[in-house]
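Numbering-wise, the sequence shown is residues 1 to 513 according to UniProt numbering.
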Amino acid sequence: MSLKDQDDYCFVYNDASHHVDFLEAFRTFYKEGLFTDVTLVSSSGEIFRCHKAALAACSHYFKVMFTADMKEKSKNQIKLSGIDHAILDSLLNYAYTAQIRITARNVQSLLQASDQLRFVSVKEACEQFLVRHLDIVNCLGMHSFAEFHVCPNLEKEARRLIVSRFEEVWTQDEFVELSFEKMLYIFSQNNLNVGKEEALLSPLVRWVAHDTQKRIEYIHDLLGCIKINIDDIYFRTSLELHKKHLLNENRIQSLLYYSLRPQAQEASKRSTANMFVVGGYYWHPLSEVHVWDPASDNWIQGEDMPDHTRESYSATCLGPNIYITGGYRTDNIEALNTVWIYNVERDEWTEGCPMLQARYYHCSVTLGGCVYALGGYRKGAPSQEAEFYDPLKKSWIPIANMVKGVGNATACVLRDVIYVSGGHYGYRGSCTYDKIQSFHADVNEWSILTVCPHPGKFNSDSQHAVQKQNLITTTQQLNLALEARTFLGKTPLSVQLCNLDKILEVTEELHDK
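Printed below as a string of structure tokens:
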């Protein structure tokens, strides 16, 4: 067949490595200063020779600058005030390599610069990094930071942490530095999670007393956000009488409490965090999701878990997501490594990244923005292996092995330490483990903390109930309470186990100190 007879024949060649080679070539041009047509100058005067096309491809800021009728369009040198040379260097390396190193040290500066220069992907990556590292200590500052730089996901997650754990948040140092507008915003949240409305008086008084002369005028507006019955005339009069004296925190609190009227009717309740009950077992595995609203005392049903034949899995909560890990199916006892994620806001399930190790009868907790899967059983034998899921990296990462592999144990987190109490070991759980293991993530190390006086009562044979922010594992009569030294931030010299009604006594003693 002659070529003339094949005039209509077409072959489309696709070079799969072209985009990689193209980017590599531009990276070489940048490093060697070839074909550059614009110079960027950092705030400290360092010079970076770049290509307008590369900058415009990654940054809407530069695209507009080089195409719109702006004075910079015709300039060969552009001064970028307020952007540090190290941050600018990182952004330019990203433009030529598609990679950028984000750390706790540079993330805020990097987000600010990427926001200013409209490196959208970098800003989103920095936002995800900050969400991953949200905690009680930094959530107030991160919420303000997110509002200023328009980071919707960070703002939502910081707000979730503030309202769900407000009774811990208001004791932080940053709380007294809040503006009146931010205080009003927080106190106006209908889902602010407090035991009772009167509990908001203490944070209000603490905030006012930090700068009494300037803040005393705001107290009535903030009281208006609290659904309590107060004798406003008595309070205003008392406040005026005491203004001549130095008002301190104790005096303001006394005035407020003396102004409280006897409750003629029950104060309206705020909507609180809901409780989610996932699965269970009744003659066969259950896949239902039941949601309880404490404010209305109503139960509603959520979307069923997709894998309805699974049992002996573990549940924990991270942000708006409930992670269901591992387990086994009823037709065999082969451990599973599958992960299902239930989003409580959208009422929907998605399949997550599988664990490195299949397991059932294991524990799971959340710490530092990650999900930990600990111990459990595989092939009828206990496993010492543990791992955690980093939602930012979207992967499971192994950690040090437990001192003793156990199943049916109970786990909790206190002050950035994971505690695993009791459990079973031996073939199919024939032996009961009588010790409490602790894991320090900062040094990746397990240790034995103490011995359980009643180890059988710490086994997690009960159903899991999950709040929007906390996993609750009911454990019959006993709860773990560390000695006062732990709560005071010191290394515990000893640990005591006590009944649930004793924990309040421990807490009261700590508050007194």
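From the three backbone atoms N, C-alpha and C, an ideal C-beta is built for every residue, glycine too. Quick caveat: nothing in here was measured; it's all calculated off a predicted structure.
Cβ-based neighbour list, residue i, same chain, cut-off 6 Å, excluding 5 preceding and 5 following
i, result
"Val-12", "none"
"Gly-352", "Val-339 and Ile-341"
"Thr-350", "Ile-341"
"Ile-300", "Val-291"
"Phe-35", "Phe-29"
"Asp-15", "none"
"Asp-297", "none"
"Ser-109", "Ile-87"
Closest residue to residue i among the options (Cα-Cα distance)
i, options, result
"Ala-113", "Thr-103, Leu-91, Trp-349 and Leu-130", "Leu-91"
"Val-137", "Gln-108, Ser-121, Asp-173 and Gln-128", "Asp-173"
"Ala-400", "Pro-453, Val-443, Tyr-361 and Ile-226", "Val-443"
"Ala-104", "His-133, Ala-125 and Asp-89", "His-133"
"Ile-418", "Thr-432, Asp-434, Ser-438 and Tyr-433", "Ser-438"
"Phe-129", "Leu-117, Arg-118, Leu-140 and Asn-153", "Asn-153"
"Thr-432", "Arg-415, Val-451, Asn-106 and Asp-293", "Val-451"
"Arg-160", "Gly-375, Ala-411 and Glu-345", "Glu-345"
"Tyr-185", "Ile-162, Tyr-360 and Leu-201", "Ile-162"
"Ile-226", "Ser-17, Ser-188 and Glu-217", "Ser-188"
"Tyr-313", "Tyr-360, Trp-283 and Val-277", "Tyr-360"
"Pro-294", "Val-107, Asn-274, Ser-287 and Ala-358", "Asn-274"
"Cys-139", "Val-413, Ala-373 and Gly-369", "Gly-369"
First and last residue of the uninterrupted alpha helix (DSSP H) at residue i
i, result
"Ile-333", "Premise fails: Ile-333 is in no alpha helix (DSSP H) and is neither H nor E."
"Thr-97", "85 to 97"
"Ile-324", "That residue, Ile-324, is in no alpha helix (DSSP H); its beta strand (DSSP E) goes 321 to 325."
"Tyr-61", "60 to 67"
"Glu-114", "Note that residue 114 is Ser in the sequence shown here, rather than Glu. That run of the alpha helix (DSSP H) goes 107 to 117."
"Glu-127", "120 to 132"
Spatial neighbours of residue i in its chain, beta-carbon cut-off 8 Å, leaving aside the 5 residues before and after
i, result
"Cys-10", "none"
"Asp-461", "Here the model assigns Asp-461 a pLDDT of 41, short of 50, so the residue's position is not dependable, and the following value carries that caveat. Excluding residues within five positions, the ones whose Cβ falls inside 8 Å are Asn-408."
"Thr-39", "Ile-47, Phe-48, Arg-49, Cys-50, Asn-76, Gln-77 and Ile-78"
"Ser-144", "Lys-182"
Residue-chain proximity (residue i, chain B), Cβ-Cβ < 7 Å
i, result
"Val-443", "The structure shown contains no chain B; it is built from a single protein chain."
Residue i, DSSP secondary structure in three states
i, result
"residue 518", "Absent from the model: residue 518. The displayed extent of the chain is 1 to 513, so no value can be given."
"Gln-280", "Before going on, a small fix: residue 280 reads as Gly here, not Gln. Gly-280: strand per DSSP, three-state reduction."
"Phe-458", "The predicted position of Phe-458 is uncertain, since its pLDDT is 49 and thus under 50; a value taken from the coordinates is nonetheless stated next. In the structure shown, Phe-458 sits in a helix (DSSP, three-state: H, G or I)."
"residue 574", "Residue 574 lies beyond the residue range present for the chain, which begins at 1 and ends at 513; the question has no answer from this structure."
"Ala-267", "In this predicted model, Ala-267 has a pLDDT of only 48, less than 50, meaning its place in the structure is not dependable; the value taken from the coordinates is given anyway. Coil, per DSSP."
"Ile-503", "Bear in mind that the predicted position of Ile-503 carries a pLDDT of just 41, short of 50, making it unreliable; the figure below should be weighed with that in mind. Of the three classes helix, strand and coil, the one that applies to Ile-503 here is helix, per DSSP."
"Gly-141", "helix"
"Thr-486", "In this predicted model, Thr-486 has a pLDDT of only 33, less than 50, meaning its place in the structure is not dependable enough to derive any value."
"Val-163", "helix"
"Ile-219", "helix"
"Met-275", "strand"
"Glu-345", "coil"
"Glu-177", "helix"
"His-18", "helix"
"Tyr-360", "strand"
"Lys-71", "helix"
"Arg-49", "strand"
"Lys-227", "coil"
"Arg-310", "strand"
"Ser-421", "strand"
beta-carbon residue i near the ligand HEM non-hydrogen atom, thresh 6 Å
i, result
"Lys-435", "Absence of the ligand HEM from the depicted structure is noted, as is the absence of any ligand whatsoever, leaving it without description."
N-terminal and C-terminal residue of the beta strand (DSSP E) that residue i is part of
i, result
"Trp-299", "298 to 301"
"Ile-448", "445 to 451"
"Lys-214", "It is not in any beta strand (DSSP E) - Lys-214 instead sits in the alpha helix (DSSP H) that spans 212 to 215."
"residue 520", "Missing from the structure shown is residue 520; the chain here goes from 1 to 513 and no further."
"Ser-395", "395 to 399"
"Pro-285", "285 to 293"
"Leu-34", "Leu-34 -> no beta strand (DSSP E), and no H or E assigned at all."
"Ala-315", "314 to 318"
"Glu-387", "386 to 390"
Proximal residues to residue i (C-beta, below 7 Å), its chain only, five neighbours per side dropped
i, result
"Val-371", "Thr-316, Leu-318, Tyr-323, Ser-364, Phe-388 and Tyr-389"
"Glu-157", "Val-131, Leu-134 and Gly-319"
"Val-176", "Arg-206, Trp-207 and His-210"
"Ile-448", "Val-403, Lys-435 and Gln-437"
Inspect the CB distances between the stretch 395 to 408 and the stretch 417 to 431 and report whether three or more fall short of 8 Å.
Three or more Cβ pairs drawn from the stretch 395 to 408 and the stretch 417 to 431 lie within less than 8 Å of each other, which places the two stretches in contact.
Query raised in the report: Does the stretch 94 to 101 come close enough to the stretch 52 to 59 that 3 or more CB-CB pairs lie under 8 Å?
Result: Result yes; three or more Cβ-Cβ pairs closer than 8 Å.
Segment contact flag, the stretch 368 to 386 with the stretch 317 to 337, C-beta cutoff 8 Å, min 3 pairs: A contact exists between the stretch 368 to 386 and the stretch 317 to 337.
Q) Does the count of Cβ pairs from the stretch 21 to 37 and the stretch 81 to 89 closer than 8 Å reach three? A) At 8 Å Cβ cutoff, the stretches do not touch.
### Message
Whether or not the stretch 299 to 316 and the stretch 351 to 368 are in contact is what I'm after, with contact meaning three or more pairs of Cβ atoms, one per stretch, closer than 8 Å; do they touch?
### Response
Flag = yes, the stretch 351 to 368 and the stretch 299 to 316 touch.
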